[in-house]
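Since the structure comes first, as structure tokens, the remarks are kept for the end.
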DNA sequence: TATACGAAGATCGTATACGATCGACTATGG
DNA sequence: CCATAGTCGATCGTATACGATCTTCGTATA
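Protein chains in written order, with full-length UniProt numbering: chain P, 1 to 238; chain B, 1 to 238.
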């Protein structure tokens with residue numbers, strides 16, 4: 001048996017530890033949906049599958065726990081996190097906050113090409129609604145939605161805020177599936193709001209306006225969700 | 001030698017694992033300043049001191065790394081994080097964002113007693129400035145400042161946001177020391193801004209106004225810091 | 001039948017062992 | 001004297017071993 005680090009060679013010259021390898025494997029499978037919420041992660045079993053020992057796996061699982069993708073219970077084990085309505089509310093509200101900020105902080109750095117790319121993506125989203133309204137695919141629509149917003153916040157110069165945005169998106173897409181499967185009525189409004197957001201950015205609107213627009217855009221989706229479930233109507237909002 | 005979990009009995013009925021124990025020990029020593037930025041954390045050495053083996057210590061260190069209190073370099077080791085001007089900027093900006101939100105979300109839940117307590121704390125801060133201006137103690141002033149703000153954001157109903165606020169404060173106080181040692185000129189303005197913030201909350205001002213006031217209060221301190229260092233004058237702000 | 005008790009299996013938490021890696025120091029050649 | 005290659009010690013990364021704990025399931029008893 002091989003012992004020691006045995007660094008897996010990733011790209012030429014790049015080596016990753018086994019715990020990093022285990023983390024990336026599990027993270028990928030959770031975010032991609034291959035590991036669905038509720039799936040149990042038995043350390044020894046995962047270790048065997050990945051061809052490493054339990055120690056790196058354990059470390060990977062703890063990292064995933066810190067990101068909210070996995071729930072770890074003492075002396076019991078790890079499962080891929082579920083996300084109940086309350087957790088959904090918390091996560092969406094937090095994402096609304098940090099994504100609004102990231103979008104505003106990025107606004108001045110978005111290039112004309114990127115703006116055009118975002119418009120093109122939004123055009124495809126609109127086309128999905130107008131041309132094939134009877135075959136609306138919420139999964140694909142949600143994916144495009146992610147790509148659209150990525151363009152707008154990826155230039156965020158504050159890596160802490162950007163990291164929080166990524167974590168929020170990961171949690172939502174991995175644990176909740178496609179947003180627009182839950183609130184399809186938001187699809188049309190989203191496309192229109194995207195257009196307004198692009199205009200604000202293009203015309204160099206005050207960053208405060210951009211932040212508010214991006215924030216509202218997301219919290220409106222949360223409101224639509226809450227209206228459906230009628231849960232926590234008195235939860236304070238911003 | 002004792003092996004196995006050996007759960008330390010904390011309070012009656014409460015048991016914590018050794019990795020939790022190690023985490024709490026290290027976290028406490030870092031936040032309290034007993035372990036200063038730059039201090040090396042040699043796993044085997046820490047393990048001996050705490051009376052556990054290296055595995056739980058390693059896990060604790062990784063948790064601290066995720067919180068930004070420790071820097072862990074592959075195959076080299078862990079050190080208590082320093083915080084350079086750029087990191088300070090990132091952290092303050094993020095804290096400005098989440099603390100503003102947490103304060104606004106808490107505003108409606110703050111009781112009259114708590115409001116009075118906050119006023120009392122702010123009164124002591126004012127007294128420090130007015131009565132003994134020649135013996136201004138920035139450390140004590142910073143502590144009171146923390147207590148003041150804690151009252152205003154601790155009711156935040158969104159635990160994710162509240163957690164981010166705590167992490168931000170921890171990072172700043174542990175790694176940077178007392179804020180008002182760096183920008184003593186902000187002390188007087190802070191007391192005045194606190195008063196305005198309390199008034200807004202007491203009179204039930206719109207949460208958006210409260211959020212903005214709380215956010216500005218913090219970002220003004222950041223601005224004062226940046227004015228001193230003259231670093232990154234073009235960094236985008238909210 | 002329902003409940004309480006207890007034993008067995010699965011799984012976790014931790015200790016220990018050891019190869020792998022990095023940084024510093026030393027030696028050697030230019 | 002400086003640069004470069006080689007060696008050594010300190011420390012990390014991972015594998016393995018094993019006691020501790022939780023859950024489950026069967027059995028006895030009211």
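Where is the CB? At the ideal position from N, CA and C, for every residue including glycine.
Just tell me which of 26(P), 237(P), 118(P), 33(P) has its CA closest to the CA of residue 215(P).
The option with the nearest alpha carbon to residue 215(P) is 237(P).
Under a three-way DSSP split, which group does residue 242(B) fall into?
What is shown of chain B runs 1 to 238, which leaves residue 242(B) out entirely.
Which residue's Cα is closest to the Cα of residue 48(P): 36(P), 22(P), 32(P)?
It is 22(P) whose Cα lies nearest to the Cα of residue 48(P).
Can you list, in chain order, the stretches of the alpha helix (DSSP H) that have 4 or more residues and sit fully within the region 53-113 of chain B?
Counting whole runs of 4 or more residues, the region 53-113 of chain B contains the alpha helix (DSSP H) stretches 54-66, 85-106.
Using the C-alpha atoms, what's the distance from residue 102(P) back to residue 189(P)?
If you take the alpha carbons of residue 189(P) and residue 102(P), they lie about 22 angstroms apart.
At 4 residues or longer, and completely inside the region 147-234 of chain B: list those alpha helix (DSSP H) runs for me, N to C.
The qualifying runs are 159-176, 179-182, 186-202, 207-229.
Tell me which residues of the region 136-160 of chain P have at least one Cβ-Cβ distance to chain B shorter than 8 angstroms, keeping chain order.
Flagged, chain order: 157, 158, 159, 160.
Just confirm the distance between the C-beta atoms of residue 159(P) and residue 225(B), as a whole number of angstroms; I'd bet it's less than 8 angstroms.
In this structure, residue 159(P) and residue 225(B) do not form a Cβ contact; the two beta carbons are roughly 19 angstroms apart against a cut-off of 8 angstroms.
What does residue 108(B) reach in chain P if we use C-beta pairs closer than 9 angstroms?
Chain order gives the chain P residues near residue 108(B) as 236, where near means a beta carbon separation below 9 angstroms.
Nearest chain B C-beta to residue 90(P) closer than 9 angstroms, yes or no?
So yes, residue 90(P) belongs to the interface.
So for residue 1(P), helix, strand or coil by DSSP?
Low local confidence applies: a pLDDT of 44 at residue 1(P) is under 50, so the model's placement there is unreliable, and no value is given.
For residue 31(B), which of helix, strand or coil comes out of DSSP?
Residue 31(B): helix per DSSP, three-state reduction.
Can you list, in chain order, the residues of its chain with a C-beta nearer than 7 angstroms to that of residue 144(B)? Leave out the 5 residues immediately preceding and following it.
Answer for residue 144(B): 121, 124, 125, listed in chain order.
With respect to the alpha helix (DSSP H) encompassing residue 47(P), which residues constitute its N-terminal and C-terminal limits?
Element bounds for residue 47(P): 43-50.
So which residues on chain B does residue 114(P) lean against when the C-beta distance must stay under 9 angstroms?
Neighbourhood of residue 114(P) in chain B, by CB distance below 9 angstroms: empty, with the nearest CB roughly 16 angstroms away.
On a Cα-Cα basis, can you pick out the residue from 117(P), 32(P), 71(P), 186(P) that is closest to residue 147(P)?
With distances taken between Cα atoms, residue 147(P) lies closest to 117(P).
Is residue 97(B) near residue 110(P), with beta carbons less than 9 angstroms apart?
With respect to the 9 angstroms criterion, residue 97(B) and residue 110(P) are not classified as neighbours on the basis of their beta carbons.
Distance between beta carbons of residue 198(P) and residue 217(P), contact taken as under 8 angstroms
Incorrect: roughly 12 angstroms between the Cβ atoms, too far for contact.
Whose CA, out of 133(P), 20(P), 36(P), 210(P), lies closest to the CA of residue 62(B)?
Here the closest residue by C-alpha is 20(P).
Please look up how many angstroms separate the CB atoms of residue 55(P) and residue 46(P), rounded, as I've assumed it's under 8 angstroms.
Incorrect: roughly 12 angstroms between the Cβ atoms, too far for contact.
Considering only residues of the same chain and omitting the five flanking positions on each side of residue 77(B), which have a CB-CB separation below 8 angstroms?
Taken in chain order, the residues that qualify are 40, 41, 42, 43.
Closer than 7 angstroms by C-beta to residue 25(B): which residues in its own chain qualify, once you throw out the five before and the five after it? Chain order, please.
Residues of the same chain with a CB within less than 7 angstroms of the CB of residue 25(B), apart from the 5 flanking positions on each side, are 50 in chain order.
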